[in-house]
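Engineer:
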Amino acid sequence: MNAVFRRALFALALALCCGALNAQAIDPLPFKDHAEETRFQQLTRELRCLVCQNENLADSNADLARDLRHQVFELMRQGKSDAQIKQYLVDRYSDFVLYDPPVQGSTLLLWFGPLAILLAGAAVVVVTVRRRSRAQAPASNQSANDSSPNDEGDDW
Amino acid sequence: MTPELGQLALILALLLALAQGVLPLLGAWRGNGALMAVARPAAAGQAVFVALAFGVLSWAFLHFDFSVRYVADNSNLALPWYYRLAAVWGAHEGSLLLWIFILNLWTVALAALSHKLPDVFVARVLGVLGLIAVGFIAFILFTSNPFERLLPMPPDGGDLNPVLQDPGMTFHPPVLYMGYVGFSVAFAFSIAALLGGELEQAWVRWARPWTNVAWGFLSAGIVAGSWWAYAELGWGGWWFWDPVENASFMPWLVGAALIHAQAVTEKRGALRAWTILLSIFAFSLSLLGTFLVRSGVLTSVHAFASDPKRGLFILCFLAVVVGGSLLLYALRAPKVAGGKPFGVVSRETAILIGNLMLTVAAAMVLLGTLFPLLGDALNLGKISVGPPYFGFLFTLLMIPIVLLLPFGPYLRWGEKGGLPPLKNVAVRAGIAALACAIAAAFTTGWALKAIAGTAAAVWCCVGTLLYVLKRWREMPAGRRYPAEMAGMLLAHFGVGVFLAGVLLTEALSVERDVRMAPGQVQTIGGYDFRFDGVHVADGPNWQGDQGTVTVMRDDREIAVMHPQKRTYTRGQVQTESAIDAGVTRDLYVALGEPMDRNDPEGAWALRLYHKPFVRWIWAGGLLMMLGGFFSAADKRFRLRREATEKLPASAQESHA
Amino acid sequence: MSRLVPFFAFLLLVALFGFGIWWNTRHDQREVPSPLIDKPAPAYALPKLDDPAQTVTREAMLGKPYLINVFASWCVACGEEHPVLMSEGQRVGVPLVGYNYKDEPDEAKAWLERHGNPYGLVIADREGRTAIDFGVYGAPETFLVDAKGVIRYKRIGPLTPEVIERELKPAIAALRKEAP
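Chains as they are written, first to last, in the working numbering: chain H, 1 to 156; chain D, 157 to 812; chain U, 813 to 992.
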């Protein structure tokens with residue numbers, strides 16, 4: 001019970017760190033042109049805030065998010081690439097900060113699982129269609145009701 | 157005393173739900189008409205008692221009964237009456253009560269409109285719905301009682317979460333639940349069909365309008381949620397792939413597949429087992445959404461209070477309901493592929509491919525949503541799965557659907573017809589799409605997403621419109637567009653509108669965080685935003701700063717906007733953005749902090765957006781909703797005597 | 813047989829959810845394990861709280877293990893943790909270094925005066941820049957650094973007597989074993 005309470009308190013403390021939970025992060029930075037601004041927005045949108053964990057770095061109003069945004073901006077100014085900036089954050093905060101999980105051993109299932117499901121499903125569809133296209137009129141042991149469903153000869 | 161009355165009503169509702177869940181099913185099994193006849197009155201009685209409980213809770217909110225813990229936690233003396241009413245479903249306990257109440261509404265509607273169906277079948281359907289109600293009412297009573305007392309009674313309450321104090325939020329949950337819960341009807345129909353072993357597709361015809369309506373509501377609920385996130389969370393985004401959003405999106409995807417599969421089964425008798433399975437999936441995913449949101453197993457914007465006991469209860473319930481029905485499916489689903497054969501180029505094949513893509517998309521969303529949990533389980537480390545993953549894979553999976561969509565109405569059932577009309581459409585829609593894509597390329601400066609969006613939207617819309625034209629020319633007035641077809645055309649057209657909205661917004665939106673002193677002007681997307689300072693503005697239960705931003709274009713005033721920053725009674729800060737809506741663009745302004753805290757007269761941080769075509773996203777969603785409602789209204793679905801009279805005979809056969 | 817596939821897939825899902833519920837009763841979901849464990853602590857040079865002229869560096873701290881405890885006067889959970897540090901801090905057997913995170917020095921000093929000072933040494937990171945190198949994301953956090961300057965253990969959230977017994981003390985004992 002005590003442990004549960006402590007955890008709740010910890011969560012609360014984190015929530016408080018978020019400060020104004022539903023306030024927006026509006027943080028004017030001195031971008032030199034629109035391209036740089038767009039790059040910054042895209043990059044920070046793909047990074048996850050550690051304090052308010054359901055927000056990205058661009059939107060989070062947490063103090064740490066602001067610090068990290070400024071750090072990202074500074075790294076951009078130093079001429080670092082997006083990949084280098086991401087690596088900088090991963091080195092400190094782990095893959096958790098990446099909303100775009102890297103393709104690696106631990107995420108193979110994530111990235112290729114849907115493909116596997118798609119292939120399996122496609123195989124079933126192909127088999128079904130082939131079988132159905134070869135089939136003649138329904139087998140005679142089916143009831144008449146079954147083979148004359150509600151298709152009223154609509155042309156559509 | 158009153159809150160206890162609510163609790164008593166819930167207990168009685170539970171007893172009636174038990175009666176509704178057990179007796180008619182027993183009756184249907186034993187062929188006992190008296191037991192089967194219990195279903196309707198029990199459902200009605202249960203609805204009355206749940207409505208009573210709902211009324212009692214509303215009354216407690218309206219009269220500031222802070223001795224009820226739920227009321228004290230979620231409202232206070234300063235909260236206006238309309239938000240006190242919305243607060244009834246503003247948190248976990250009350251929203252569950254709303255869930256049950258809506259389940260009752262669906263059940264009563266079904267009980268009232270099913271008099272022409274065979275009694276055995278109705279008894280099974282209502283019985284299944286009764287069992288679902290048992291689970292949820294028990295969940296409320298044993299783990300999440302909204303009527304729990306708080307003693308001593310506090311003089312004033314907490315607050316409804318300020319993000320929920322918005323008109324959009326008042327509608328979002330009820331409409332969304334109408335959709336979630338609505339799938340329970342299709343579910344109950346298919347379980348009844350499995351239990352009865354009546355392998356006719358007749359049940360599908362009865363289930364179709366219910367499914368379409370539920371899906372329409374779900375579309376509307378998702379649109380409302382998306383719009384609310386856009387306007388109220390203040391981030392200007394319209395979809396975040398958050399677990400809670402995904403929880404509503406998965407049943408929607410499967411529901412879309414189900415609507416089409418039901419059409420095949422109803423009209424052609426084919427894909428019967430698949431339709432049953434999809435009905436089970438659609439409702440299971442609705443339940444799963446409830447589990448994800450309320451068990452706290454995932455981090456999300458929307459986590460309700462997360463108590464492991466609650467999680468465990470829903471999990472057990474989920475295991476029984478879904479596990480039981482899938483087992484029943486494995487044992488009793490039709491084994492013989494029935495129905496009419498179809499060719500490779502046929503509407504059935506196209507629908508199958510669409511079904512495949514939609515269900516794989518739902519599976520992908522499920523995998524992505526649960527993967528962080530899987531990462532914990534397999535010790536892969538903490539992994540985040542976010543918009544880049546979902547956006548990328550979802551786009552890939554939807555490409556075949558977009559490509560096939562214009563052909564849908566032209567394709568014929570079975571084999572008749574053939575390729576020539578399809579080529580015709582492909583050429584015309586293709587040329588239109590290409591022309592518009594080239595135009596888009598030049599006007600948007602080769603923004604790839606904008607080009608793709610224009611092409612995809614024109615492809616879908618022109619293809620659909622060509623069919624509208626064809627019907628207009630070929631059919632006599634009055635028979636051109638039966639409601640079922642009109643619904644399909646509306647929804648398909650909606651897909652095109654939606655695509656245009658999504659991709660054009662993504663490609664062309666401009667967002668800028670700026671520092672502005674009064675009088676200063678910023679130009680975004682051809683609009684001049686002039687900041688005219690900030691003054692104090694107070695509401696019933698908040699104090700705030702209100703900025704004034706005048707928007708001009710070519711020296712003509714377009715709008716005066718008032719973004720606010722509110723501080724609510726309990727200290728929560730909430731950004732209220734100002735939005736100037738338009739058909740081709742939204743202007744969006746949010747107020748940040750003063751650059752110097754001691755000088756509110758000076759410069760402020762502001763966020764300015766120019767969002768072209770963002771409204772088309774919701775317009776597309778609403779068209780899909782209308783499509784669902786229209787189709788359901790088709791005369792064909794009104795029950796006819798002859799279709800139903802065949803049933804009892806075959807039902808008895810299967811018992812023999 | 814193929815009709816049982818959905819059922820078995822669902823069983824897997826139920827198992828996963830069951831695991832999720834169980835896991836969350838023992839872990840905080842928001843806890844993100846640090847990638848710095850068993851890696852050298854980042855280089856730092858931070859002023860002492862009570863004497864900003866003096867700077868403490870990673871190199872100066874080499875030679876014996878120590879604990880870094882990230883705290884701030886604005887941090888609610890730090891207040892909850894503080895009595896534990898006061899009572900247990902001296903008994904864990906390694907020096908306790910306070911890391912004052914994004915705080916006003918005056919407020920931090922007043923806070924320590926009011927609640928007591930369990931730290932042998934307090935360093936201050938007003939801007940929170942070095943804290944990013946340490947991967948700090950929510951105070952309180954506690955790092956165990958060994959004699960070679962390698963981070964061996966990290967606690968996110970308040971230290972409690974249980975955590976100290978179950979996690980911190982064994983980690984310190986392990987250090988002793990390898991470097992007698």
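We put the CB at the ideal spot given by N, CA and C, even for glycine.
Mind checking whether Pro-407 of chain D and Phe-339 of chain D have CB atoms under 8 Å apart?
Structural biologist: A contact, by the Cβ cut-off of 8 Å.
Engineer: At least one CB of chain D closer than 8 Å to the CB of Ile-963 of chain U: is that the case?
Structural biologist: With 8 Å as the cut-off, Ile-963 of chain U does not count as an interface residue toward chain D.
Engineer: Determine which residues share a DSSP beta bridge with Gly-717 of chain D and list them.
Structural biologist: Checking the displayed sequence, the identity of residue 717 of chain D turns out to be Met instead of Gly. For Met-717 of chain D, which the question treats as bridged, DSSP gives the partners D:Val-705.
Engineer: Determine the closest residue to Gly-675 of chain D out of D:Phe-685, D:Gly-681, D:Glu-667 and D:Arg-466, with distance taken between C-alpha atoms.
Structural biologist: Minimum Cα distance to Gly-675 of chain D is reached at D:Phe-685.
Engineer: From the DSSP output, read off the bridge partner residues of Trp-698 of chain D.
Structural biologist: Answer is D:Tyr-724.
Engineer: Does any C-beta atom of chain H lie closer than 8 Å to the C-beta of Leu-414 of chain D?
Structural biologist: Not one chain H Cβ lies under 8 Å of Leu-414 of chain D.
Engineer: Between which two residues does the beta strand (DSSP E) holding Gln-678 of chain D run?
Structural biologist: Start and end: 677-680.
Engineer: Cα separation between Leu-441 of chain D and Ala-412 of chain D?
Structural biologist: Approximately 13 Å, taken between the alpha carbons.
Engineer: Starting from Ser-451 of chain D, find everything on chain U with Cβ-Cβ shorter than 8 Å and list it in chain order.
Structural biologist: The answer, in chain order, is Phe-829, Gly-832 and Ile-833.
Engineer: For the alpha helix (DSSP H) that Met-898 of chain U lies in, which residues bound it at each end?
Structural biologist: Here the alpha helix (DSSP H) through Met-898 of chain U covers 888-900.
Engineer: Can you name the residues that DSSP bridges to Tyr-765 of chain D?
Structural biologist: D:Glu-667 and D:Tyr-744.
Engineer: Find out if the Cβ-Cβ distance for the pair Asp-937 of chain U, Lys-914 of chain U is shorter than 8 Å.
Structural biologist: Against a cut-off of 8 Å, the Cβ pair of Lys-914 of chain U and Asp-937 of chain U comes out as a contact.
Engineer: From the beta carbon of Val-478 of chain D, is the nearest beta carbon of chain U less than 8 Å away?
Structural biologist: Yes, Val-478 of chain D counts as interfacial toward chain U.
Engineer: List the residues of chain C that Arg-967 of chain U touches, going by C-beta distances under 9 Å, in chain order.
Structural biologist: Annotation note: the requested chain C is absent from the structure, which comprises protein chains H, D and U.
Engineer: Which residues mark the beginning and the end of the beta strand (DSSP E) in which Asp-937 of chain U is found?
Structural biologist: It spans 933-937 - the beta strand (DSSP E) in which Asp-937 of chain U sits, taken as one unbroken run.
Engineer: When you compare the CB of Arg-92 of chain H with every CB in chain D, is at least one pair closer than 8 Å?
Structural biologist: Not an interface residue.
Engineer: Out of D:Glu-662, D:Phe-654 and D:Thr-679, point me to the one whose CA is closest to Leu-778 of chain D's CA.
Structural biologist: That would be D:Phe-654, whose Cα lies nearest to the Cα of Leu-778 of chain D.
Engineer: For Cys-890 of chain U and Pro-952 of chain U, I'd like the C-alpha separation in whole angstroms.
Structural biologist: Roughly 5 Å between the two C-alpha positions.
Engineer: If you measure from the beta carbon of Pro-845 of chain U to each beta carbon in chain H, is any gap under 8 Å?
Structural biologist: Yes - at least one Cβ of chain H is within 8 Å of the one on Pro-845 of chain U.
Engineer: Taking the alpha-carbon positions, what's the Met-644 of chain D to Trp-397 of chain D distance?
Structural biologist: So the alpha carbons of these two residues sit roughly 27 Å apart.
Engineer: What's the call for Glu-977 of chain U, buried or exposed, on a 16-neighbour Cβ count within 10 Å?
Structural biologist: By the 10 Å Cβ count, Glu-977 of chain U comes out exposed.
Engineer: Cβ of Leu-21 of chain H less than 8 Å from any chain D Cβ?
Structural biologist: Because the pLDDT of Leu-21 of chain H is 46, which lies under 50, any placement of that residue in the model is unreliable, and the number read from its coordinates should be weighed accordingly. Closer than 8 Å: yes.
Engineer: Let me know if Asp-532 of chain D comes out buried or exposed under the rule of 16 or more other beta-carbons within 10 Å of its beta-carbon.
Structural biologist: Buried: at least 16 other Cβ atoms inside 10 Å.
Engineer: Excluding the five sequence neighbours on either side, which residues of its own chain have a C-beta within less than 8 Å of the C-beta of Pro-859 of chain U, listed in chain order?
Structural biologist: Cβ neighbours of Pro-859 of chain U beyond the five flanking positions: Ala-865, Gln-866, Thr-867, Val-868, Ile-935 and Ala-936.
Engineer: Less than 8 Å separating the beta-carbons of Trp-366 of chain D and Val-331 of chain D?
Structural biologist: Not a contact, by the Cβ cut-off of 8 Å.
Engineer: Measuring only from the beta carbon, is Leu-956 of chain U closer than 7 Å to any heavy atom that is part of the ligand PLP?
Structural biologist: Of the ligands one can find in the structure shown there are none, so the ligand PLP has no counterpart to examine.
Engineer: With burial defined as no fewer than 16 other Cβ atoms inside 10 Å of the residue's Cβ, what is the status of Glu-925 of chain U: buried or exposed?
Structural biologist: The residue is exposed, with fewer than 16 neighbouring Cβ atoms inside 10 Å.
Engineer: Can you tell me whether Trp-237 of chain D is buried or exposed, with buried defined as 16 or more other CB within 10 angstroms of its CB?
Structural biologist: The residue is exposed, with fewer than 16 neighbouring Cβ atoms inside 10 Å.
Engineer: Go ahead and pull the three-state DSSP assignment for Gly-79 of chain H.
Structural biologist: Residue state, collapsed to three classes: coil.
Engineer: Using a 10 Å radius around the Cβ and a threshold of 16 neighbouring Cβ atoms, would you call Ile-587 of chain D buried or exposed?
Structural biologist: With fewer than 16 Cβ atoms within 10 Å of its Cβ, Ile-587 of chain D is classed as exposed.
Engineer: What is the residue span of the alpha helix (DSSP H) that Phe-829 of chain U lies within?
Structural biologist: Start and end: 817-838.
Engineer: Between Leu-98 of chain H and Leu-47 of chain H, which are expected to be in contact by the criterion C-beta below 8 Å, what is the C-beta distance as a whole number of angstroms?
Structural biologist: With 8 Å as the limit, Leu-98 of chain H and Leu-47 of chain H qualify as a contact, their Cβ atoms being about 7 Å apart.
Engineer: Inspect the CB distances between the stretch 297-317 of chain D and the stretch 358-365 of chain D and report whether three or more fall short of 8 Å.
Structural biologist: They do not touch, by the three-pair rule.
Engineer: Taking DSSP's pairing of strands, which residues face Thr-867 of chain U in a bridge?
Structural biologist: According to DSSP, which records beta bridges pairwise, Thr-867 of chain U is partnered with U:Pro-859.
Engineer: In whole angstroms, what separates the C-alpha of Pro-877 of chain U from that of Pro-852 of chain U?
Structural biologist: Cα to Cα, the separation comes out at about 13 Å.
Engineer: By a C-beta neighbour count over all protein chains shown, 10 Å radius and 16 as the cutoff for buried, is Leu-172 of chain D buried or exposed?
Structural biologist: Per the 10 Å Cβ criterion, buried.
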